[in-house]
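In my numbering, the protein residues as written are 19 to 701. Glycine included, every Cβ here is placed at the ideal spot set by N, Cα and C. Given the structure is predicted, the values throughout are model-derived calculations rather than measurements. Shown next, in structure tokens, is the structure this report addresses.
Take a look at the structure:
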């Protein structure tokens, strides 16, 4: 029987790296808890439209929404269509004017004069209004958006503009932010978030015009760009940044629909570090999805998004249909009130969106953490094949220099991501390796197997959890700067964290146990011979069925990882998740409490009862899923580290409970089967 030793020097560096990681994690926790204010936002247009639909006073409705919990109104660029519907301007196609002239419907002498002079053409759109500041703003917006295509018809007391272009398209073009809407929003007691659209071939005057319309309005809290470009892209984003800094604005980063990083807007992300990371993550329930959600489900989603994904600007939409027994206004006011209550119940306050401090851990702490991961990797190699001390230290020193040097130089994002991946893979493997050694050297006789299962099962599960948790803390520390908290940078290698631990634990298992001859472990460690034996294993129908079930499980296991569309979640699991989210602070992951941790206890039972070695092997692999999933939880860096920790603890005790129930059930079935067999024998 081969013996594998744990190098104490390497263990020392692992402990030293863990201490550095704990310091960073504590600093990160303080940064996260200091950012606890959520901004509730609705569109200015949505509330205005709701007032129009319900035939109520707009000012009064604004007040009701403010009292319900809305802190901010988002103000978008106006369009000719919106201005026409609101009565601020009249917009008509040249083709319609010509048609009316032929039917005698135009009785205005000025229009007839223009028609007679040939100044009305079908390829033009005509905009008429009053001599007001609002119309002058529209005029300047049209000149910016359609330079060279706008003319003004003279001879009348009121201004009329002619724009060459397609009517259906022109009326929907974003023109510019309305300063009147900005001022009205502020006067109603709201914060204001303008949502400007970039200009084609943007000019310096365009950017100055935008900031001039929000200048002097202290209630402007943030800016969220609309469309696929930041204002000023590609050449003038520096001017946009200067305006943002001058008015001390927060930049809104819209979360991507797949909830990974952000909706792509060219020129946006380079502004973030230049604005000293004064940014807030923005979430909005997709427009086509909200009508399918019950009000309670939508409310819970907002609270969960703020808690789990560091969302600080909730961009809410109205419901278009009322709940039974309520008006449309009552339904939406209840929606806002319930959302505010749910968010506050999570410990957040409602107001101007909080932002993260521009936190970056000290390089020397990161260097110690990276060295700790290298030590763990070197230690793992010694558990596969005994290496001399000189080789161990050589590997450790060389790799440590490669990883530590760029970190101490002030960079090293890539090596930190690699080290984080290493921590996510290595510590679950080391946890299971240590547990396999405990089972391997445990006495087979002289002790009640139930006592042994409870000790080696529950106790071993707790110890394995603690070792794997070290990997989670390493990961949480190595990638703990503001870029990762905002998800500008992410953990890379999610699928590898699910696959590699299973493969490595399988290799470790074959170095400790003979898979095909349990009574003779002399071949343990001869991995190639055991693999050949596996390939030569007789294949029966039941073996094929077993592999089919395993392949299906692997497909589900891998397909359910990451953020891309994969294996769908069944309805019963969705309901279970919703229930756990309601009753627990942090919903544990199903791979832990339904698969990994129960399998760990069953593996302890298999070792104590000397079940078939192949079954024990499969249970060990399943148990590894729980340990790797625990560490992978910390790879969600936008989630507060305390929440990830509590999620893991919840999964531990719930999984242990499920495992104990399974052990009792298996023992009961074994006793029942034995009794029935004895009875059949006597009969």
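DSSP three-state assignment for residue i, whether helix, strand or coil
i: residue 498; result: coil
i: residue 527; result: helix
i: residue 477; result: helix
i: residue 74; result: coil
i: residue 344; result: coil
i: residue 95; result: strand
i: residue 369; result: coil
i: residue 30; result: helix
i: residue 81; result: helix
i: residue 146; result: strand
i: residue 689; result: helix
i: residue 164; result: coil
i: residue 270; result: strand
i: residue 153; result: helix
i: residue 504; result: coil
i: residue 90; result: strand
i: residue 362; result: helix
i: residue 247; result: strand
Residue i - containing beta strand (DSSP E), residue span
i: residue 210; result: 209-213
i: residue 332; result: 329-334
i: residue 108; result: 108-111
i: residue 412; result: Run containing residue 412: none in the beta strand (DSSP E); it sits in the alpha helix (DSSP H), 407-426.
i: residue 610; result: Segment: none, residue 610 is in no beta strand (DSSP E) and carries neither H nor E.
i: residue 301; result: 297-301
i: residue 712; result: The chain is shown only over 19 to 701; residue 712 falls outside these bounds and no answer can be derived.
i: residue 704; result: Residue 704 lies beyond the residue range present for the chain, which begins at 19 and ends at 701; the question has no answer from this structure.
i: residue 170; result: 168-171
i: residue 286; result: Premise fails: residue 286 is in no beta strand (DSSP E) and is neither H nor E.
Sequence-distant residues of the same chain with beta carbon closer than 6 angstroms to residue i, five excluded per side
i: residue 159; result: 193 and 194
i: residue 328; result: 299 and 656
i: residue 309; result: none
Distance, residue j Cα to residue i Cα
i: residue 686; j: residue 679; result: 10 angstroms
i: residue 162; j: residue 306; result: 33 angstroms
i: residue 360; j: residue 675; result: 30 angstroms
i: residue 357; j: residue 23; result: 56 angstroms
i: residue 97; j: residue 374; result: 35 angstroms
i: residue 551; j: residue 411; result: 35 angstroms
i: residue 83; j: residue 351; result: 6 angstroms
i: residue 372; j: residue 383; result: 27 angstroms
i: residue 167; j: residue 95; result: 20 angstroms
i: residue 234; j: residue 606; result: 48 angstroms
i: residue 245; j: residue 213; result: 9 angstroms
i: residue 108; j: residue 152; result: 13 angstroms
i: residue 337; j: residue 670; result: 40 angstroms
i: residue 6; j: residue 485; result: Residue 6 is absent from the model: the chain starts at 19 and stops at 701.
i: residue 392; j: residue 430; result: 15 angstroms
i: residue 457; j: residue 447; result: 15 angstroms
i: residue 668; j: residue 648; result: 11 angstroms
i: residue 172; j: residue 89; result: 45 angstroms
i: residue 67; j: residue 614; result: 52 angstroms
Residue i: first and last residue of the uninterrupted alpha helix (DSSP H) it sits in
i: residue 458; result: 431-459
i: residue 324; result: 313-326
i: residue 200; result: 197-205
i: residue 644; result: 631-651
i: residue 383; result: 381-402
i: residue 263; result: 255-264
i: residue 620; result: 615-627
Same chain, Cβ closer than 7 angstroms to residue i, five either side skipped, listed in chain order
i: residue 527; result: 454, 635 and 638
i: residue 25; result: 397, 400 and 410
i: residue 583; result: Note that residue 583 scores 49 on pLDDT, short of 50, meaning its location in the model is unreliable and no value can be drawn from it.
i: residue 80; result: 65 and 206
i: residue 190; result: 97 and 99
i: residue 428; result: 381
i: residue 322; result: 599
i: residue 231; result: 195, 197 and 200
i: residue 268; result: 239, 240, 296, 297, 298, 371 and 373
Other residues of its chain near residue i: CB distance less than 8 angstroms, five sequence neighbours each side excluded
i: residue 655; result: 494, 497, 498, 502, 503, 505, 508 and 509
i: residue 433; result: 388, 420, 421, 424 and 425
i: residue 176; result: 146, 147, 148 and 149
i: residue 248; result: 216, 255, 258, 283, 284, 285, 286 and 289
i: residue 75; result: 69
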